[in-house]
Amino acid sequence: MSADAQPTPAAPAPTDGPPVLEAQGLGVALGGQQILSGIDFAVRPGEVVALLGANGSGKSTLVRALLGIVPTDAGTVRLFDKPLGNGVPWNRVGYVPQRLPAATGVPANALEVVASGLLTGRRLRPPRDARRRARAALEQVGLADKARRPVHELSGGQQQRVLIARALVRDPDLLVLDEPTSGIDIPTQQTFVDTVQRLHAGGATILVILHELGPFAPLIQRALVLRHGRLVHDGAPPNPRDEHAAPGHQHTHPHPDPEPPNAGPTITIEVTP
Ligand SMILES: Nc1ncnc2c1ncn2[C@@H]1O[C@H](COP(=O)(O)OP(=O)(O)OP(=O)(O)O)[C@@H](O)[C@H]1O
């Protein structure tokens with residue numbers, strides 16, 4: 020079904036019940052450096068939470084740690100009230116990494132990459148309706164006509180949309196997005212935000228890394244702000260202002276952390292759950 024074909028329902032309020040996602044005393048060390056320390060927060064069912072912070076503040080590392088992609092060295096993570104591990108219902112989690120893993124030389128076409136989003140944990144064979152669902156997800160991100168194209172032939176923005184479709188195909192209850200609209204043109208960004216809004220209206224919980232709230236601003240109920248690997252704000256999202264409030268503003272330009280803790284290399288290995 021086309022993303023433009025449906026009206027966007029009103030956003031529901033977060034509900035009570037155990038947190039969908041919870042970190043307590045979370046710490047991560049990578050390459051001998053302490054990247055995250057003492058991270059405590061919980062995301063309630065139905066919340067839309069933005070994770071903000073300067074370049075290198077630890078946002079991507081935090082979501083990777085929450086999803087078990089990088090190891091933690093302190094604290095605990097719970098997803099759907101289960102400790103990180105095989106007990107987590109991974110089929111309910113959609114994750115959009117910042118970029119396609121091994122973006123060059125992936126032999127799969129767009130449809131196959133999207134259908135791979137239906138394989139989780141012990142499910143090694145796609146469900147019978149995998150291709151139909153993958154096509155529908157590609158349609159939602161405006162790439163139905165690219166279904167048979169090898170992903171390495173697609174532009175960076177199109178690859179990003181394939182990753183979004185791969186997360187959407189699960190119809191996830193928790194959607195975790197790492198700068199999902201960077202490199203995507205403004206009309207497509209809005210289509211994607213509408214899709215996320217519909218998912219939220221259906222009850223999904225959303226955690227999204229953003230540099231600026233940008234087109235996500237109307238959806239965001241709460242913001243977490245990281246600085247040098249520590250949580251320095253958990254509450255109301257910032258007001259868009261100055262040039263960032265302008266409709267045509269490019270929200271994806273870099274905002275370097277003014278005092279990086281060190282100048283170590285950024286390693287971008289991506290392994291999705
Ligand atoms: N595998 C790794 N080994 C060593 N250091 C790492 C590794 N991954 C990330 N880092 C370092 O951790 C810090 C936080 O990186 P991270 O990518 O989480 O930040 P970020 O806030 O997501 O930045 P950006 O907005 O640029 O994506 C950086 O200093 C980065 O160099």
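In this text, residue positions in the sequence shown follow our numbering: the first is 20, and each later residue adds one. For every residue, glycine included, the Cβ atom is placed at its ideal position computed from N, Cα and C. Keep in mind the model is a prediction, meaning the values are calculated, not measured.
Backbone CA spacing between Thr139 and Gln159 [nearest angstrom]: To locate residue 139, count along the sequence shown from 1; it is residue 120. To locate residue 159, count along the sequence shown from 1; it is residue 140. Cα-Cα distance, rounded: 22 Å.
Paired residues, beta bridge with His171 - DSSP: By 1-based counting over the sequence shown, the position of residue 171 is 152. None; His171 has no bridge partner.
Residue range of the unbroken alpha helix (DSSP H) whose run includes Thr214: As a working mapping, residue 214 is identified with position 195 in the sequence shown. Where Thr214 is concerned, the enclosing alpha helix (DSSP H) stretches over Ile205 to Ala220.
Identity of the residues DSSP links to Pro102 by a beta bridge: In the sequence shown, the residue the question calls residue 102 occupies position 83. Paired residues: Arg97.
Helix, strand or coil at Leu85 according to DSSP, with G and I counted as helix: Here the question's residue 85 lines up with position 66 in the sequence shown. The answer is helix: DSSP assigns Leu85 an H, G or I state.
Counted within 10 angstroms of its Cβ, other Cβ atoms place Glu262 as buried (16 or more) or exposed: Taking the first residue of the sequence shown as position 1, residue 262 is located at position 243. Note that Glu262 has pLDDT 39, beneath the 50 cutoff, so the model's placement of it is unreliable and no number is given.
Top-ranked residue by Cα proximity to Ala73, from Asn258, Ala255, Arg249 and Gly254: Here the question's residue 73 lines up with position 54 in the sequence shown. When only C-alpha atoms are compared, the closest one is Arg249.
Buried or exposed by the 16-neighbour rule on C-beta atoms within 10 Å, applied to Ser174: Residue numbering aside, residue 174 sits at position 155 when the sequence shown is read from its first letter. An exposed status is given to Ser174, since fewer than 16 other beta-carbon atoms sit within 10 Å of its beta-carbon.
Cutoff 7 Å; reference Gln117; Cβ partners in own chain excluding five residues on either side: For the purposes of this step, residue 117 is taken as residue 98 along the sequence shown, with counting starting at 1. Cβ within range, chain order: Ser79, Asp197 and Glu198.
Reduced DSSP secondary structure (H/G/I, E/B, other) of Thr80: One-based indexing of the sequence shown puts residue 80 at position 61. Reduced to three states, the DSSP call for Thr80 is helix.
Local Cβ density within 10 Å of Thr210, reported as buried at 16 or more and exposed below that: By 1-based counting over the sequence shown, the position of residue 210 is 191. With 16 or more Cβ atoms within 10 Å of its Cβ, Thr210 is classed as buried.
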